[in-house]
Amino acid sequence: MRRRVLVFLIMIDFVVVCGFFYRWGGGLAYALGQNLSLKFYNGVLNVYVPGLLCGNQEGIPGVYRDVTASVYPAIAENEQKLWYESQEENLAYYENLAAEENEQAKQMIEENKKAAGESGKQKPPKENPAEKSVKPKEETAARKEDNSGKKKEINIKKLEEFDYLRRTFYQVDNTTTIGKDQLNIKDLMQPDMTIDLHTKGPQILIYHTHSQECYSDSKEGDESTSVIAVGDYLTGLLEDEGFKVLHHKGKYDVGDRDHAYSNAAPAIQKILKENPSIQVVIDLHRDGVGKNTRLVTTQNGKKMAKIMFFNGLSRTTAAGDIAYLKNPYISDNLAFSFQMQLAAAQYYPDLTRKIYLKGYRFNMHFCPRSMLVEVGAQTNTFEEAKNSMEPLADLLAKVLKNEE
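This is the structure we're talking about:
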C-alpha cells in the first residue's frame, strides 16, 4: 500500500513538473533563445554594417542586457561600444536647433535694445538733498558689480525652478531623460571647481577623441588647421593663465571613427595614471551641422565659433541607468559644465549654445572635472574656432581659480 501511495505521489509530482516546464519553460527557452539570437544579430551587424545598428540599439530588452552583461563580461564590453559610441549626427535636427538658438539670441538682443531705449527716455528722478550724503551699502555693492566685467546678470533665484533651468540652459537628447534629482541649482552651484595650482605636474589634460575634425577652410591632412591646432592655441592661452597643461595629440578615429571612444579610453587612463596631478580633462571636438547653418558670434570685436558643452548621463529613456556604463562623476561633470555655462552667460552672452545632454558616457568617467567641448562646426572657419578659445580660456580661469 505504501509503495502504491509513493508511486502515486511521484506520478503527481512528475505531472506538476512537466506542466510547469510546459507552461513556463517554453517561454524561458524562447526568451533565452531570443536574447542569444539578438546578440548574434548585433554581433554580426557590428562587424559588417555597424551603421545599421544606430536605429536598432534600443531594441534589446534592458533585463536581457543587464543579466547577460553580468554573466558574460565580454558581451558587456561589446554592448558598451554599442551604447556610447558616437553616432552620426542628424543634420536636419541640428540645423533646426541652431536656427532656433540664433532666433532666441536675436530676440534677446532686440529686447535689450528696446529696454535700453525706454530707460533712456525716462527722466531721472529728482534727488532728495537730505539723501545726498548717504551712500547705502547696496548701492556701493551694485557699483562694484558693474565694474566686475559682467555684461549680463543671471537671476539665480529663478533657476531654482527645474523647468526654467532645463529650458534655459539645457538641450536634452531624446535618447535620455533627466530630473530634479540631478538637475537642481544647489547641486550644480555647490561643488568647488577650484584646482590646486601648486602641483609640479600638469593640471589640465586636453585631448581629441575625433582628431580628424576640420573646418570649412582647413587643408586636408594639415594638422595645423584642424581641431588639434585649436587645442594647441587653447593650451598656450591656459599656460598664460598660469595653468600647467598637457596636450595629448593621439589619433583614435583614423579609419575607424565608430570606435574612437573605445580606442581612446586606454590611452587616457594611462595618461591619468602616469600624471596624478591632472585635475581637469577636456575632450575638444567640432560639431556637425547642416551646410546652411553658421554657429557664429561676435565677442570683443572678433567673430568666433559658438561653443557647446556636452554631458553624458549613462542613462537612456528606453533602458534607464546603464549599469555597465558607470560614471561616478556624473554630478561633478554636470556641475562643471553648468558653472562654465553660467559664467559664459554673464561675461560672454551668446558665446555658448545650450548644454547638450545625451544618454551615453563618452569617456567622462575618469575624472570629476571632465568636459567635452564642441567648438563650432564644419561650416565655421578655422580662425573663428581659434578665436573662441580666448573666452574659453578666460572662463576656465574664472571657474578653476574661483575668480568670480
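So the mapping is simple: my numbering equals the position in the sequence shown, first residue as 1, plus 89.
Yeah, the Cβ is synthetic: ideal placement off N, Cα and C, and Gly gets one too.
Note down, in chain order, each residue of its chain lying with its Cβ closer than 6 Å to the Cβ of residue i, except the 5 sequence neighbours on either side.
i, result
"residue 383", "468"
"residue 392", "385 and 473"
"residue 376", "463 and 466"
"residue 352", "341"
"residue 381", "none"
Residue i and residue j look like a contact to me (Cβ under 8 Å); what is the Cβ gap, rounded to whole Å?
i, j, result
"residue 292", "residue 369", "7 Å"
"residue 316", "residue 302", "5 Å"
"residue 440", "residue 388", "6 Å"
Checking 8 Å against the spacing of the C-beta atoms, do residue i and residue j come in under that value?
i, j, result
"residue 453", "residue 416", "yes"
"residue 464", "residue 261", "no"
"residue 251", "residue 269", "yes"
"residue 446", "residue 265", "yes"
"residue 462", "residue 361", "no"
"residue 356", "residue 344", "no"
"residue 470", "residue 305", "yes"
"residue 457", "residue 418", "yes"
"residue 342", "residue 287", "no"
"residue 241", "residue 438", "yes"
"residue 420", "residue 271", "yes"
Looking only at its own chain, which residues have a Cβ that is under 7 Å from the Cβ of residue i, when we skip the five neighbours before and after it?
i, result
"residue 243", "431, 434 and 435"
"residue 239", "435 and 436"
"residue 248", "254 and 274"
"residue 321", "336"
"residue 489", "282, 283, 284 and 369"
"residue 410", "403 and 404"
"residue 136", "In this prediction, residue 136 scores a pLDDT of 45, lower than 50, which makes its location untrustworthy; no coordinate-derived value is stated."
"residue 364", "290, 291 and 335"
"residue 485", "327"
"residue 479", "326"
Beta-carbon within less than 8 Å of residue i's beta-carbon, same chain only, minus the 5 sequence neighbours each way: which residues are those?
i, result
"residue 491", "281, 282 and 283"
"residue 367", "290, 291, 292, 293, 294, 335, 360, 361 and 456"
"residue 95", "none"
"residue 263", "406"
"residue 314", "303, 304, 306, 307, 308 and 471"
"residue 97", "none"
"residue 226", "Low confidence applies to residue 226: its pLDDT is 39, below 50, so where it sits in the model is not reliable enough to give any reading."
Along the chain, where does the beta strand (DSSP E) containing residue i start, and where does it finish?
i, result
"residue 372", "369-376"
"residue 466", "459-466"
"residue 38", "Any question about residue 38 goes unanswered here, given that the chain covers just 90 to 493."
"residue 443", "Unbroken run through residue 443: none, as it is neither H nor E."
"residue 358", "Unbroken run through residue 358 is the alpha helix (DSSP H), 349-363; no beta strand (DSSP E)."
"residue 277", "First-last for residue 277: 274-278, but that is the alpha helix (DSSP H), not the beta strand (DSSP E)."
"residue 336", "334-336"
"residue 388", "385-388"
The alpha helix (DSSP H) spanning residue i covers which residue range?
i, result
"residue 430", "419-436"
"residue 400", "Careful: residue 400 lies outside any alpha helix (DSSP H), inside the beta strand (DSSP E) at 396-401."
"residue 260", "Counting along the chain, residue 260 falls outside any alpha helix (DSSP H), though it belongs to the beta strand (DSSP E) covering 259-261."
"residue 327", "316-329"
"residue 488", "478-489"
**Asked** If we count Cβ pairs, one from each stretch, closer than 8 Å, do we get three or more for the segment 414-426 versus the segment 308-326?
**Response** no
**Asked** When the Cβ atoms of the segment 330-348 are set against those of the segment 295-309, are three or more pairs found closer than 8 Å?
**Response** yes
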